[in-house]
Amino acid sequence: INLNNLEGTLRSHTSGGKLITKNSNGELNLSTVGGDIRLENSTGVLDIQSSGGSIKLINIKSEKIICHASGGTINGNNISGNSVLKSFGNDIELTDISGDVKLYTSGGSITINQFRGRTKCEVESGDIILNNAAGAIESFTSSGDIILNLIYDSSLKNNSIYLETHSGDLTANIPKGLSANIETIIHHTTSVKKLNSEIALDIKVENNKIIGKRIISGGMIPINFIAHQGEININEQ
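Letter by letter, the sequence shown follows residues 855 to 1091 of our numbering.
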């Protein structure tokens, strides 16, 4: 199914084929079984479901985006709005994203390149990579590494960082001199070598865990890093 220059409400489904839309404005309810979905230049409300296929979103400015892929990847470029994107069994890869974004994958990794706003990332088994990210960031993985390259955007309010991995390492690159209240915890260890930080932290060993804290330049932004079985690495950039 190929659809161009849409206005209004559309409900469309295909079994075994692709579904492609370009230049739409309105409420779209799109689904496929075994086929891919591709949207370009869309505004409005989007509800997208793919079973066995991948979903690609390009130049999307939407009030609300609900996107579920079972078995396929979700890829996006230049997306803004309130988004809930879930992939069951594969990866989510996004570039140039803004707004209130919730991401979940049960069998893949999450990668975001350039983000502004509020995001919550949950991964069952896989890595989380956040490059050039600013705003309120919450990320959790049961089994995998987390890498954060943080930047600061003064136009955003309620900046905060919470990263947690149950089985994996956590690496964060933080702007030098950022006004931050940093707290790190590594559970199930008494080895301070597992906490490596270019920012001088007050470190103590307590109840089989390593705790590191530091308030920088007034501590305006709360930053929490938690690892249960792994290392924490903090770098200044």
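All C-beta atoms, glycine included, are put in the ideal place defined by N, C-alpha and C.
Residue from Ser1009, Ala1034 and Ser979 whose Cα sits closest to the Cα of Gly1022: Ser979
By Cβ distance, which residues of its chain are closer than 6 Å to Ile920, with the 5 residues on each side in sequence left out? Asp901 and Val938
Do Gly889 and Lys910 have their beta-carbon atoms positioned less than 7 Å apart in this structure? Gly889 is positioned such that its CB atom lies no closer than 7 Å to that of Lys910.
Uninterrupted beta strand (DSSP E) stretches inside the stretch 1010-1066 (no shorter than 3 residues): 1014-1019, 1024-1028, 1034-1041, 1049-1051 and 1056-1059
Inter-residue Cα distance where the pair is Ser993 and Val887: 30 Å
DSSP on Glu1090, reduced to helix/strand/coil? strand
May I ask which residues mark the beginning and end of the beta strand (DSSP E) holding Asn932? Ile928 to Phe942
Counting C-beta neighbours from all protein chains within 10 Å, is the total for Gly1031 16 or more, i.e. buried, or is it exposed? Exposed, because fewer than 16 other Cβ atoms sit within 10 Å of the Cβ of Gly1031.
Quick check on DSSP: helix, strand or coil for Ile1075? Of the three classes helix, strand and coil, the one that applies to Ile1075 here is strand, per DSSP.
Just verifying my parser: in three-state terms, what is the DSSP assignment at Gln903? strand
For the stretch 943-1010, which segments carrying the beta strand (DSSP E) assignment without a break, of at least 3 residues, lie completely within its bounds, in sequence order? 946-959, 964-977, 982-995 and 1000-1004
Please look up how many angstroms separate the CB atoms of Ile1040 and Ile1086, rounded, as I've assumed it's under 8 Å. 6 Å
Check Glu872 in the structure and name its three-state DSSP category. Residue 872 is actually Lys in this sequence, not Glu. Coil, per DSSP.
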